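Here the sequence shown stands for residues 1 to 548, numbered as in the UniProt record's numbering.
The C-beta atom is built at its ideal place from N, Cα and C for all residues, glycine as well.
Keep in mind the model is a prediction, meaning the values are calculated, not measured.
Please read the structure below before turning to the comments.
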Amino acid sequence: MTEQNGDFAFLPLGGTGEIGMNLNLYRLGETWLAIDCGIGFSGNDTPEAEILVPDPTFIVERRDQLAGLVITHAHEDHIGAVAHVWPLLQCPVYVTPFAGSVLRRKLGEARLLNEVPIHVIPCGGTFDVGPFNLEFIPVTHSVPEAQSVVLRTPHGIVVHTGDWKLDPEPLVGPPTDIKRLKEVGDEGVLALVCDSTNVMKPGPSQSEGEVRRSLTELIGSLKGRIAVTCFASNVARVESIAMAAQAAGRTVVLVGRSLRNLDVSARECGYLSGVLPFLNEQDVNDLPDDQVVMIITGSQGEPRSALSRISLDIHPNISLGEGDTVIYSSRMIPGNERAIMAVQDNLSRRGVRVITDREHFVHVSGHATGDDVSTMYDLVRPQFAVPVHGEWRHLTAHAALAQDKHITPILLEDGDILRLAPGKAEVVDTAPSGRLALDAGRLLPMNGGVLAARRKMLFNGMVIASFAVDDEGFVIGEPKVSAPGLLDPDDLESVRVREEFANAIDVIPDELRGDDQAFRDAAKTALRRALGRKLQKRPLVDVHVLRV
């Protein structure tokens with residue numbers, strides 16, 4: 001790829017055509033700037049991986065030209081990959097105080113806290129990163145201190161919204177700074193790179209203040225134990241649940257590590273000052289059922305989350321049953337429907353009443369509706385609209401809205417390099433992009449050998465054979481064949497495979513028996529033949545040869 005001197009370009013490596021895994025790059029001349037670095041959760045199409053991150057290979061190859069990484073807010077899909085990807089990037093990181101507090105905990109767990117240069121920028125602050133002059137503009141979202149980023153360059157201004165909405169009563173933090181957005185629009189804006197997640201919803205956004213009043217009414221009407229699950233980063237929602245509980249004379253218990261971490265970061269930054277300190281899950285059984293509200297992690301059906309374990313009655317401290325209520329104060333992230341419904345079904349089996357936003361007003365989105373996005377265009381008045389952060393249907397709906405405003409939309413796929421200036425704004429090249437799996441601290445390519453083998457084992461099983469041979473390569477004793485998840489050890493098909501494999505390795509040519517690798521390869525072929533077509537699967541096959 002040719003990088004032209006002096007031009008201004010935008011490149012999404014994650015976050016277009018799907019929700020999550022945001023990683024955006026801007027280039028001014030030969031200098032790059034990254035905005036956000038998040039994770040996504042695996043869906044039904046990738047059962048071999050649980051957590052995904054955008055593949056940073058393109059910018060890693062140019063990290064000497066990477067001036068910094070700016071984080072718009074502290075949601076996992078914008079900040080969650082920093083601790084895993086930063087060792088490859090080695091650049092300064094720019095955050096607001098709350099995002100900085102969250103990030104420091106993540107870096108501490110990854111033993112990187114003292115290595116990463118973190119620059120804390122006040123909300124609404126201005127700062128320079130390399131040749132980029134940047135300004136934060138506070139916006140409302142379902143996490144404190146969300147910021148849009150204004151990029152000022154010799155070629156023009158870009159407003160990168162991050163995640164945002166219009167909410168006159170956000171409860172935690174200020175409303176979106178409409179006045180400042182209009183002032184930036186008055187300067188003349190080249191492009192608006194804008195969140196598309198909720199653009200298909202008509203009307204204005206509903207307010208967090210309305211949810212607080214509704215939750216207060218609901219919690220005050222219930223008996224028994226009450227558990228509320230929500231996104232751990234939603235400080236306003238956690239505060240609303242706590243205040244509703246206090247109004248009902250109930251004590252609040254936090255269940256789940258991410259909620260405890262949020263509590264620490266929020267109070268460290270001056271939030272949650274209006275609610276009493278929370279108790280921990282070890283204290284819950286000391287409280288009468290009618291005097292407790294638990295805030296619990298696991299709104300997306302995560303298998304190791306507190307709520308999932310409670311639904312299966314395997315949580316070490318908490319159980320729920322007849323007469324208790326679980327409130328889902330959250331939305332379903334696409335791809336998580338099956339896992340969420342399984343948890344809700346397990347809770348219902350135990351006699352627990354499950355309340356979602358279908359039954360009661362217990363959740364509002366933190367993302368801009370179509371009306372909000374329309375207002376944003378009226379404020380900023382860009383030449384070009386670049387929809388990001390959403391599935392393809394969201395991006396196309398966003399583009400149609402921009403076109404109705406007589407603003408030229410530009411739709412991008414991850415990896416498209418959009419030259420914004422000078423000259424015509426157009427896609428001029430494509431960078432390699434993709435997804436990596438986060439696996440026990442490692443970053444693995446989705447099409448690499450490890451995950452390919454795991455995928456094959458998941459659907460076709462695995463068969464392992466082992467046998468011992470003497471110095472001349474003749475088999476000693478009986479070979480062993482194991483096919484977990486494919487064959488039971490004592491069924492007739494398993495016995496047949498073992499016998500046919502034993503017969504097949506007995507006739508392997510003598511010239512192959514002296515070379516362990518050649519002998520092993522021949523034995524693997526023999527094992528595949530022994531498995532035959534009866535299984536109608538092609539399992540992963542491995543053979544261990546022990547020479548004694």
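Under the three-state reduction of DSSP, Thr57 is assigned to helix.
Annotation note: the region 174 to 230 contains the following uninterrupted alpha helix (DSSP H) runs of length 4 or greater, listed N- to C-terminal: 178 to 187 and 208 to 221. In summary, Ile314 is exposed, with fewer than 16 beta-carbon neighbours lying within 10 Å of its beta-carbon over all protein chains present.
Between Val481 and Arg496 a beta carbon distance of about 10 Å is seen, past the 8 Å cut, so the two are scored as non-contacting. Looking at the backbone, the Cα of Val463 and that of Val253 are separated by about 48 Å. The Cβ neighbour count for Lys165, taken over all protein chains shown within 10 Å, is at least 16; the residue is labelled buried.
Linking Leu66 to Ile79 through their CA atoms gives a straight-line distance of about 18 Å. One Cα belongs to Pro168, the other to Gly321, and the distance between them is close to 39 Å. Classified as buried, Ser142 has 16 or more neighbouring CB atoms from the shown chains inside 10 Å of its CB.
Between the region 221 to 228 and the region 324 to 338, the count of C-beta pairs closer than 8 Å reaches three or more; the two stretches touch. Annotation for Val85: Cys37 and Pro56 place their beta carbon closer than 6 Å to its own, counting only its chain and skipping 5 residues before and after. Taking C-beta separations shorter than 6 Å and ignoring five residues to either side along the sequence, the partners of His398 in its chain run Ser196, Val199 and Pro387, following chain order.
In the DSSP assignment, no residue is bridged to Lys524. Beta-bridge annotation (DSSP): Tyr94 is paired with Val70 and His119. C-alpha of Ser329 to C-alpha of Arg419: approximately 41 Å in a straight line. The three-state secondary structure of Asp506, taken from DSSP, is helix. For the set Val82, Phe58, Gln300 and Asp521, the Cα lying nearest the Cα of Gly441 is the one of Val82. Asn133 is bridged by DSSP to Asp128 and Arg152. Under the 8 Å Cβ criterion, the region 378 to 393 does not count as touching the region 352 to 366, having fewer than three qualifying pairs.
Taking the Cβ atoms as the reference, Pro479 lies roughly 5 Å from Ala502, within the contact range of under 8 Å. Here Tyr328 is bridged, per DSSP, to Thr229. Across the structure, Val275 and Val172 are spaced so that their CA atoms are roughly 13 Å apart.
Counted as a single uninterrupted DSSP element, the beta strand (DSSP E) harbouring Thr31 occupies residues Thr31 to Cys37. In the DSSP assignment, Asn261 falls within the unbroken alpha helix (DSSP H) covering Arg257 to Glu268. Non-local beta-carbon contacts of Ser214 in its own chain, meaning distances under 6 Å to residues more than five positions away in sequence, involve Phe361 in chain order. Cβ contact annotation for Glu76 (same chain, cutoff 7 Å, sequence separation greater than five): Gly38 and Ile39, in chain order.
Boundaries of the alpha helix (DSSP H) harbouring His398: Trp392 to Asp404, taken from the DSSP string. Counting every other CB atom within 10 Å of its CB across the protein chains shown gives Glu511 a total below 16, marking it as exposed. Residue burial is scored here from C-beta neighbours: Arg111 has fewer than 16 other C-beta atoms within 10 angstroms and is therefore classed as exposed. Just measuring C-alpha positions, the residue of Phe10, Asp516, His544 and Phe474 sitting nearest Leu192 is Phe10. In this structure, the beta-carbon distance from Leu113 to Val93 does not fall below 8 Å.
With 16 or more other Cβ atoms from the protein chains shown falling within 10 Å of its own Cβ, Arg513 counts as buried.
When the beta-carbon positions are compared, Gly351 and Ile296 stay at least 8 Å from each other. By the Cβ rule, the region 129 to 143 does not count as touching the region 339 to 346, because fewer than three pairs are nearer than 8 Å.
Under the three-state reduction of DSSP, His160 is assigned to strand.
With a cutoff of 8 Å on beta-carbon distance, Ser101 and Cys230 are scored as not near each other.
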